[in-house]
Amino acid sequence: MRLLVTRPDPDGARTAAALRERGHDVLVAPLLGIVPVADPAIGEGPWAAVAVTSANAIPALVSLPRSGVPVFTVGGKTAKAARAEGVADVRSADGDVHALAETIAAALPGATDPVLYLAGEERAGDLEGLLAGHGLSVKTVVVYRAVAQTRLPDAVRAALEAHEIDAVLHYSRRTAEAFLSACIVDSLDGAARAVRHLCLSPQVAAALRDTGAQDVHVAAHPDEANLFALL
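Be aware that the sequence shown starts at 248, since it is given in my numbering, and climbs by one per residue.
Below, the structure written as structure tokens:
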């Protein structure tokens, strides 16, 4: 199959390599660039826990004094990235933001210190609201921003126009939206609606279906193995 991967590097490059090992022809269009926030106002705590929903927040996490403070991640990939940087007490929800909130709430009954949420500027889901429903307070600090690219690479534009892409893999709603916007700029919105879309979660799929895309499929569980299972 000829596939298009739209996630940012370095994750996009790793995904493309994994797909090529499986025998696929892969095009890459990293439509978001991740920019860290300089000197985010995190403060000194104390914190009941730290919550992380993306590996893009790990550099900010590593810089924190966090002795004895558990770190909760939304999934295994982010947990692995945290452990690779020497973070010891990492607990993965292995799901979405709802699963993360439930995991944190179950581990912190009656906590009075806030949960520190190291977040991106634009977020899917309402972790703060979900934790508030469990009586937990949250301090959210934006530690990175995703900057969208406005145009597709030439090779990707040509392949879409010729209907030579079998499927597009989408890992986040923001990336899916950036793909759709770039297709509109390049007058390829019709091709974007017609191509097959493989999505990590229902939230990602919704961004595509809202534009009229019909051939949209969602992974059984929000991880890469289940996304690849759609191929």
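Beta carbons are placed, not taken as given, at the ideal position from N, Cα and C, and that holds for glycine. Note that the structure is predicted; figures quoted are calculated from it, not measured.
Taking 8 angstroms as the threshold (C-beta atoms), are Glu375 and Tyr391 in contact? Along the sequence shown, read from residue 1 onward, the residue named residue 391 stands at position 144. Along the sequence shown, read from residue 1 onward, the residue named residue 375 stands at position 128. No.
Decide if Val282 is buried, meaning its Cβ has at least 16 other Cβ atoms within 10 Å, or exposed. Taking the first residue of the sequence shown as position 1, residue 282 is located at position 35. Val282 comes out exposed.
With DSSP as the reference, please indicate the residues paired to Thr320 in a beta bridge. Taking the sequence shown and counting its residues from 1, one reaches residue 320 at position 73. Val299 and Ser339.
8 angstroms CB neighbourhood of Ala354 in its chain, flanking five on each side removed: One-based indexing of the sequence shown puts residue 354 at position 107. Only Ala296, Pro317, Phe319 and Arg338 meet the Cβ criterion.
When the Cβ atoms of the region 409 to 428 are set against those of the region 264 to 281, are three or more pairs found closer than 8 angstroms? yes
Beta-carbon proximity of Pro469 to Gly323, cut-off 8 angstroms: Counting from 1 along the sequence shown, the entry for residue 469 is found at position 222. Counting from 1 along the sequence shown, the entry for residue 323 is found at position 76. Contact flag unset, no.
So, are the CB atoms of Val415 and Val451 less than 8 angstroms apart? Within the sequence shown, the letter at position 168 stands for residue 415. Within the sequence shown, the letter at position 204 stands for residue 451. No, the Cβ-Cβ distance between Val415 and Val451 is not below 8 angstroms.
Check this for me: beta carbons of Leu308 and Ala285, under 8 angstroms apart or not? Reading the sequence shown from its first residue, position 61 is the one you call residue 308. Reading the sequence shown from its first residue, position 38 is the one you call residue 285. No, these two residues do not count as a Cβ contact at 8 angstroms.
Among all the DSSP beta bridges, which residues are the ones paired with Val362? If you number the sequence shown from 1, residue 362 lands on position 115. Answer is Ala296 and Val385, bridged to Val362.
Quick one: using the 10 Å Cβ neighbour count with 16 as the cut-off for buried, is Pro255 buried or exposed? Here residue 255 refers to the residue found at position 8 of the sequence shown. It is buried - the Cβ of Pro255 has at least 16 other Cβ atoms within 10 Å.
Might you give, ordered along the chain, the residues of its own chain that have their beta carbon closer than 8 angstroms to the beta carbon of His464, omitting 5 neighbours on each side? Here residue 464 is taken as the residue at index 217 of the sequence shown, counted from 1. Around His464: Arg443, His444, Leu445, Cys446, Ala452 and Leu477.
Which partner residues does Tyr391 have in the DSSP bridge list? Sequence index remark: in the sequence shown, residue 391 carries index 144 (1-based). DSSP, once it has assigned bridges, lists Pro283 and Gly367 as partnering Tyr391.
The alpha helix (DSSP H) enclosing Val258, as first and last residue numbers: Numbered from 1 along the sequence shown, position 11 holds the residue referred to as residue 258. According to the sequence as given, residue 258 is Asp; it is not Val. Its alpha helix (DSSP H) spans residues Asp258 to Glu268.
So the candidates are Ile431, Ile289, Pro312 and Glu349; which of them puts its Cα closest to the Cα of Ala335? Looking up residue 335 in the sequence shown gives position 88. Closest option to Ala335, Cα to Cα, is Pro312.
Among Gln461, Ala454, Thr458 and Ser448, which one has its Cα closest to the Cα of Asn473? The residue given as residue 473 occupies position 226 in the sequence shown. The shortest C-alpha separation from Asn473 is found at Ser448.
The beta strand (DSSP E) spanning Asp272 covers which residue range? For the purposes of this step, residue 272 is taken as the residue at position 25 of the sequence shown. First-last of the beta strand (DSSP E) with Asp272: Asp272 to Val275.
Test item: CB-CB of Leu302 and Val344 under 8 angstroms: The residue labelled residue 302 in the question sits at position 55 within the sequence shown. The residue labelled residue 344 in the question sits at position 97 within the sequence shown. The amino acid at residue 302 is misidentified as Leu; the sequence shows Ala. Cβ distance not < 8 angstroms, so Ala302 and Val344 don't count as in contact.
What does DSSP give as the partner residue(s) for His464 in the beta ladder? In the sequence shown, the residue the question calls residue 464 occupies position 217. Leu445.
Leaving out five residues before and five after Ala466 in sequence, what residues of the same chain have Cβ atoms less than 8 angstroms from its Cβ? Position 219 of the sequence shown, counted from the start, is the residue given in the question as residue 466. Taken in chain order, the residues that qualify are Leu445, Cys446, Leu447, Ser448, Asn473, Leu474, Ala476 and Leu477.
Taking the C-alpha atoms as reference points, what is the distance between Pro361 and Gly382? Counting from 1 along the sequence shown, the entry for residue 361 is found at position 114. Counting from 1 along the sequence shown, the entry for residue 382 is found at position 135. For Pro361 and Gly382, the distance between alpha carbons rounds to 10 angstroms.
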